[in-house]
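Below: one structure, written as structure tokens.
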Amino acid sequence: MKHQKLRVLAPFLATLTLISVAAPSFGWGVVGHRYANGLAVDSLPDSLKNFYAPNRAWIVAHSSDPDQWRNKDRSEAPHHFIDLDFWGMDAVKTFPTDYWTACGLYGKAAVDKNGTVPWRIAYLEAKLTKAFREKDAKGIIEISAFLGHYVADTHVPFHAATNYDGQLTGQKGIHARFESVMVERQIKDTDLKPLPLVHIDAPAMTAIEWAKVSLNRSFEVLASDKESTAKDAQYGDVYYTELGKKCRPIALNALQESGRDLASLWVSAWEAAGKPELPAPSDVHSGEPLDKPTTDPDTPAKPETSVPVQNSAPSPKAETPVKKP
């Protein structure tokens, strides 16, 4: 059966090489991330859209840069997910908003192994606020684009689950089938509509709330995958037609929420900076190649004084699946 599935998936190898289905898997794939970043620009109020709009192409083109960084730096990988079912849904209610405080409480190894995307989002939101305060036009655009990747990843159902690729339930490959192949087949950018923005003043905690929704959606996708596979175990047109009946709305909602939440973070950072008057609208990367960003956000520096790191983390719930290696 294993070898049979490999033969069946052969037509999709060109697509799947763009993403990883090994732990931890990549997010929406190139198309989904481009959709989310573009929708965020389109969702902005005029007070910010006039500044962002000339840079939309750059923001969209660099929506997947963080996935390229992780290919070169293993320490980048934890920034893309958080396994809420490892900790238990109640435990995350008291998670620290600061990364190093979390490491002090639970142990750095456990925190990194189970994902750090909420703290990554909070860190980049702080950097974006600083860029707004300093009226650093290029920094604003670059950080905004990169922040979008992590926001969109948090809305991927399988970036919140230990069963990140169906490997614990005999459904390996569902991550790519759902977030890449199905999205590319069944969702166009014109299908996405802007949602009303919200104010965000606690990015890390807010990101955890997004991840809770994503985790629940992962169970829905897994159930639909089983039903669809029963009708087409070859993952052909019948499979994707069946999967799309229940999962296309899930993906559509998640992508629209990604655009809303990213735009909300941009506006919230601008407001936190005092609503500064922005530079005249222009393409801040005019004349520069779209494939060469000038900023690569680093990992939050460890403070000189911090809570001592413990050697162990709290045990996950008894019903939690075995953690991925």
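Using numbering that gives the first Met the number 0, read the sequence shown as starting at 0 and increasing by one per residue.
Backbone N, C-alpha and C fix where the C-beta goes; we use that ideal spot for every residue, glycine too.
- Where I142 is concerned, the enclosing alpha helix (DSSP H) starts and stops at A136 to T153.
- Assignment of N113 by DSSP, reduced to helix, strand and coil, places it in the coil class.
- If the five residues before and after T153 are omitted, its C-beta is found closer than 6 Å to the C-beta atoms of V116, A206, W209 and A210, all from its own chain and listed in chain order.
- Contact annotation: the stretch 178-193 does not touch the stretch 89-96, with fewer than three C-beta pairs closer than 8 Å.
- Take A272, set aside five residues on each side of it, and the residues of its chain with a beta-carbon closer than 7 Å to its own are T128, F131 and R132, in chain order.
- By the 16-neighbour rule on beta-carbons within 10 angstroms, G31 is buried.
- Counting along the chain, G258 sits inside the alpha helix (DSSP H) bounded by residues D236 to A271.
- Between Y98 and the set N113, D231 and A60, the nearest pair of CA atoms involves N113.
- Looking at the backbone, the Cα of T189 and that of Q255 are separated by about 11 Å.
- The straight-line gap separating the alpha-carbon atoms of W265 and D164 is approximately 31 Å.
- CA-CA distance, S263 to A121, rounds to 13 Å.
- Taken in chain order, the complete alpha helix (DSSP H) segments of 4 or more residues contained in the stretch 19-105 are 28-42, 45-51, 55-60, 64-71, 83-86 and 98-105.
- In the three-state reduction of the DSSP assignment, S281 falls in the coil class, being assigned neither a helical nor a strand state.
- About 6 Å separates the beta carbon of L221 from that of Q170, a gap short enough to meet the 8 Å contact definition.
- With a cutoff of 9 Å on beta-carbon distance, R247 and P195 are scored as not near each other.
- Boundaries for A160: no alpha helix (DSSP H) harbours it, and the DSSP string shows neither H nor E there.
- A175 sits in a helix when the DSSP states are folded into three classes.
- Residue state for E276 is assigned as coil, using DSSP reduced to three classes.
- DSSP places E133 in the coil class of the three-state scheme, outside both helix and strand.
- Rounded to whole angstroms, the Cβ separation of N54 and V283 is 6 Å, and the two are in contact under 8 Å.
- Judged by beta-carbon spacing, L47 lies beyond the 9 Å limit of L242, meaning their Cβ atoms are not closer than that value.
- Inclusion of F80 and H158 in the CB contact set at 9 Å is warranted, their separation being smaller than that value.
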